[in-house]
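Student:
In my numbering, the protein residues as written are 3 to 437.
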């Protein structure tokens, strides 16, 4: 049996100092569960044995795992243990010494030059994965890596999403055959029987979510920043006035997540304007996750037990500040979203900053339960330059063109609101069609 194998034939000697014993036993137990053999003093030094001789047996194992902390480096008996492994493989070619860092400190001396396994800040499951990966002869992953996106723009990803989900391209406008010597202008637009009547308005949709990637405009930089925050381990709060495109951004993030998230997460998009109680929130969320409906702490336990990795996108998050939603739901969302390996990563759309949104913000000494875990992404009104670019993009080289005076009037009237500008442009376009 494993426990009685001669120590020189065992795979690993676990070297540690007394204060780090829980770590040493956790490592030893996990490795033996995975079929490796381990030599560790608390299990193998039996009553009546000679401590020094037993330690000598330990150093004869195939490899030594050093449970590395500041206390480990300062202890009297641990230096000879790791030094024995180091001296037998000074070049590190046989990986005789495998340090595992369990606290945040910088190794010094000879240990400074040895690559270690870092457990600091990891969950238990991630720590297991890191340890097993370190024992492989190569670091090649078991699954193919994702296509690199470092230099890929959001515009490219939007196009890929459009192709993948089969969305139609931007509305095509019927055009008449043009005389190359005679440019189209407002004075030469055909009458109701001509091409202008057949031309479809390119200014859509007039209300609601833009769910056609071909119609996105001026969102590439914002999407780049959102995914940069998500891939950096932060949740995101999209903050802006009504009708500024927050819902459309949430939709875009949910569709782009599969392509652009470095660590895969299941996107779940909930519009809380359609949710009228805390019970309904949990029911809708559990249904989207294909879980039995549970609430409160039971939901938290289920998320950790099932090890689900979810990108939760919440529109109209103001809803959960109302009376039918207790503060517990906000605290549970925070708890499930903290840490690099958290079950949830949030993308929240709100009209006001989260530190001012929830009732906890107004109690002395307390702040919003979601403050500090989200990176705020403000959605600002369009500049005049952006509004003009939008009009030019939509009209392109179609049969209808607005005059410079009309464009200035449209830009001034919309005051940077994309929806107002789209609606006003649509009305003017239709007037031209009816001429």
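Even for Gly, the Cβ is constructed at its ideal location relative to N, Cα and C. For clarity, every value in this text was computed on a predicted model and none was experimentally measured.
(1) For the alpha helix (DSSP H) that contains residue 87, what are its first and last residues?
(2) Of the residues 431, 340, 415 and 357, which one's Cα is nearest the Cα of residue 123?
(3) I need the boundaries of the beta strand (DSSP E) containing residue 103, first residue and last residue.
(4) Determine, for residue 249, whether the minimum Cβ-Cβ distance to residues of chain C falls below 7 angstroms.
(5) Starting from the Cα of residue 275, find the closest Cα among 303, 298, 300 and 324 and give me that residue.
(6) Under the rule that 16 or more other beta-carbon atoms within 10 Å means buried, what is residue 241, buried or exposed?
(7) Considering only residues of the same chain and omitting the five flanking positions on each side of residue 125, which have a CB-CB separation below 8 angstroms?
(8) Taking Cβ positions, are residue 239 and residue 354 nearer each other than 7 angstroms?
(9) Measure how close the beta-carbons of residue 332 and residue 204 come, nearest whole angstrom, since I'm counting them as under 8 angstroms.
(10) Using three-state DSSP, classify residue 4 as helix, strand or coil.
(11) Hey, out of 127, 209, 53 and 248, whose CA is closest to residue 379's CA?
(12) Quick one: any contact between the stretch 315-323 and the stretch 291-300, if contact means 3 or more CB pairs under 8 angstroms?
(13) Using a Cβ-Cβ cutoff of less than 8 angstroms, which residues in the same chain neighbour residue 119 once the five nearest sequence positions on both sides are dropped?
(14) Determine which residues share a DSSP beta bridge with residue 269 and list them.
(15) What are the uninterrupted segments assigned as alpha helix (DSSP H) that are 4 or more residues long and contained completely in the stretch 213-301, given in chain order?
(16) By the 10 Å Cβ neighbour count, where 16 or more other Cβ atoms means buried, how is residue 26 classified, buried or exposed?
(17) If we count Cβ pairs, one from each stretch, closer than 8 angstroms, do we get three or more for the stretch 17-24 versus the stretch 68-83?
(18) With 16 other CB atoms within 10 Å as the buried threshold, where does residue 98 fall?
(19) Once DSSP output is grouped into helix, strand and coil, what is the label at residue 139?
(20) Could you name the residues that DSSP lists as bridge partners for residue 348?
(21) Would you kindly report the start and end of the unbroken alpha helix (DSSP H) that includes residue 429?
(22) What are the boundary residues of the alpha helix (DSSP H) that residue 339 is part of?
(23) Residues in the same chain with beta-carbon distance under 8 angstroms from residue 41, minus the five sequence neighbours each way, listed in chain order, please.
(24) Excluding the five sequence neighbours on either side, which residues of its own chain have a C-beta within less than 8 angstroms of the C-beta of residue 1, listed in chain order?
(25) Is the CB-CB distance between residue 310 and residue 345 below 7 angstroms?
(26) Are there 16 or more other CB atoms within 10 angstroms of the CB of residue 223, so buried, or fewer, so exposed?
(27) Looking only at its own chain, which residues have a Cβ that is under 6 angstroms from the Cβ of residue 170, when we skip the five neighbours before and after it?
(28) Hey, residue 293 and residue 285 are a contact pair by Cβ (cut 8 angstroms); roughly how many whole angstroms apart?
(29) Measure the alpha-carbon distance for residue 358 versus residue 405 and round it to whole angstroms.
Tutor: On the basis of the data shown:
(1) 80-90
(2) 340
(3) 99-103
(4) Given the protein chain composition of this structure (a single chain), no chain C is represented.
(5) 324
(6) buried
(7) 341 and 343
(8) no
(9) Between residue 204 and residue 332 the Cβ distance is about 42 angstroms, and since that is not below 8 angstroms, they are no contact.
(10) A caution first: residue 4 carries a pLDDT of 45, below 50, which makes its placement in the model too unreliable to give a value.
(11) 248
(12) no
(13) 100, 101, 102, 103, 132, 133 and 136
(14) 313
(15) 222-233, 248-262 and 280-290
(16) buried
(17) yes
(18) buried
(19) coil
(20) 314
(21) 420-436
(22) 329-339
(23) 9, 12, 14, 15, 16, 59, 60 and 63
(24) Past the edges of the chain, shown from 3 to 437, lies residue 1, and the structure says nothing about it.
(25) yes
(26) exposed
(27) At residue 170 the pLDDT is 37, less than 50, meaning the model places this residue with poor confidence and gives no usable figure here.
(28) Rounded, the Cβ-Cβ distance is 10 angstroms, inconsistent with contact.
(29) 44 angstroms
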